[in-house]
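Visitor: Here it is, the structure, as structure tokens.
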Amino acid sequence: MRHRARTRKLGRTSAHRKAMYRNMVTSLLEHERIETTDAKAKEVRRIAERMITLGKRGDLHARRQALRVIRSRDVAAKVFDDLAERYRERPGGYTRVLKLRTRPGDAASLSLVELIEGVATPVAEPEKRARRKAKRAEPAEAEKAAKKKGSTGKTGPKAAAKKTSARKATSKKTPVQQKKTRKKSGG
65 MRHRARTRKL
75 GRTSAHRKAM
85 YRNMVTSLLE
95 HERIETTDAK
105 AKEVRRIAER
115 MITLGKRGDL
125 HARRQALRVI
135 RSRDVAAKVF
145 DDLAERYRER
155 PGGYTRVLKL
165 RTRPGDAASL
175 SLVELIEGVA
185 TPVAEPEKRA
195 RRKAKRAEPA
205 EAEKAAKKKG
215 STGKTGPKAA
225 AKKTSARKAT
235 SKKTPVQQKK
245 TRKKSGG
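At position 52 of the sequence shown the residue is numbered 116 (the numbering used here), and the sequence of numbers has no breaks.
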């Protein structure tokens with residue numbers, strides 16, 4: 065029975081749970097959104113909101129309290145500078161939890177935890193697409209340039225002879241291999 069139990073144990077020891085929460089809160093504050101299970105999302109939300117409130121307080125003691133949870137000094141600086149200013153007029157409720165889907169492996173329900181108001185949009189995706197297009201374009205351009213030059217690549221008769229000789233070498237079987245491949249007469 066879990067009567068009046070305040071925390072979710074999540075099947076972990078207290079030290080593991082604490083470390084996991086610290087890592088997840090640091091990631092949430094750094095990237096401004098994370099995807100996790102519903103139960104973890106609700107716990108991470110509590111801690112992250114507390115960290116932003118400490119950032120709004122802004123004194124030395126609040127900074128030290130936040131550094132007990134946030135693992136990166138850069139992220140702590142972001143909380144105390146950027147996020148504190150962003151949520152200066154807001155009395156709380158800095159995050160939202162959106163239910164997404166169930167995970168295929170174990171059917172756990174997943175949620176998205178994100179900071180509200182001015183959530184940073186993912187910038188890395190368009191760069192990846194541009195890189196892929198550039199990579200595809202480079203070999204195509206190289207082929208066109210090779211055709212224009214009349215290149216003497218490995219498409220001549222010598223290259224074809226090498227390929228056939230390599231096939232012949234692999235097709236010859238030793239007597240031991242021939243024995244293994246014979247069909248046995250059933251009886």
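By construction, the Cβ of each residue, glycine as well, lies at the ideal position given by its N, Cα and C atoms.
In angstroms, rounded to a whole number, what distance separates the CA positions of Thr71 and Arg109?
Guide: Distance between the alpha carbons of Thr71 and Arg109: 13 Å.
Visitor: Between Tyr158 and Gly169, what straight-line distance do the alpha-carbon atoms span, to the nearest angstrom?
Guide: Roughly 31 Å between the two C-alpha positions.
Visitor: Roughly how far, in whole angstroms, is the beta-carbon of Ala112 from the beta-carbon of Val89, given that I think they are within contact range, below 8 Å?
Guide: Right, the Cβ-Cβ distance comes to about 5 Å (below 8 Å), so this counts as a contact.
Visitor: Contact between the region 175-182 and the region 125-141: three or more CB pairs below 8 Å?
Guide: Flag = no, the region 175-182 and the region 125-141 do not touch.
Visitor: Would you list the residues sitting across from Thr100 in a DSSP beta bridge?
Guide: DSSP lists Ser175 as partners of Thr100.
Visitor: Among all the DSSP beta bridges, which residues are the ones paired with Val89?
Guide: DSSP output for Val89 lists no bridge partner at all.
Visitor: Are the Cβ atoms of Tyr151 and Ile98 separated by less than 7 Å?
Guide: Contact: no.
Visitor: Excluding the 5 residues flanking Glu94 on each side, which residues of the same chain have their C-beta closer than 6 Å to its C-beta?
Guide: Cβ neighbours of Glu94 beyond the five flanking positions: Val139.
Visitor: Below 7 Å CB to CB, which residues in the same chain sit around Arg160 once its five sequence neighbours on both sides are set aside?
Guide: Cβ neighbours of Arg160 beyond the five flanking positions: Glu178, Ile180.
Visitor: Which residue's Cα is closest to the Cα of Lys142: Gly122, Thr100, Lys82, Gly156?
Guide: When each option's Cα is compared against that of Lys142, the closest is Gly122.
Visitor: Smallest Cα separation from Gly156: which of Ala172, Arg114, Leu124?
Guide: For the residues Ala172, Arg114, Leu124, the minimum Cα distance to Gly156 belongs to Arg114.
Visitor: Could you give the distance in angstroms between the alpha-carbon of Arg171 and the alpha-carbon of Leu164?
Guide: The question names Arg, yet the displayed sequence has Ala at residue 171. Cα to Cα, Ala171 sits roughly 12 Å from Leu164.
Visitor: What's the call for Lys120, buried or exposed, on a 16-neighbour Cβ count within 10 Å?
Guide: Buried: at least 16 other Cβ atoms inside 10 Å.
Visitor: Using three-state DSSP, classify Ala188 as helix, strand or coil.
Guide: Caution is warranted here: a pLDDT of 49 is assigned to Ala188, below 50, making its placement in the model unreliable, and the coordinate value is therefore given only provisionally. Helix at Ala188.
Visitor: Quick one: what does DSSP say Val183 is sitting in, helix, strand or coil?
Guide: In this prediction, Val183 scores a pLDDT of 44, lower than 50, which makes its location untrustworthy; no coordinate-derived value is stated.
Visitor: Relative to the C-alpha of Leu131, which candidate in Asp146, Arg86, Ala148 has its C-alpha closest?
Guide: The candidate whose alpha carbon is nearest that of Leu131 is Arg86.
Visitor: Please report the distance separating the alpha-carbon of Arg154 from that of Asp145.
Guide: Rounded to the nearest angstrom, the two C-alpha atoms are 15 Å apart.
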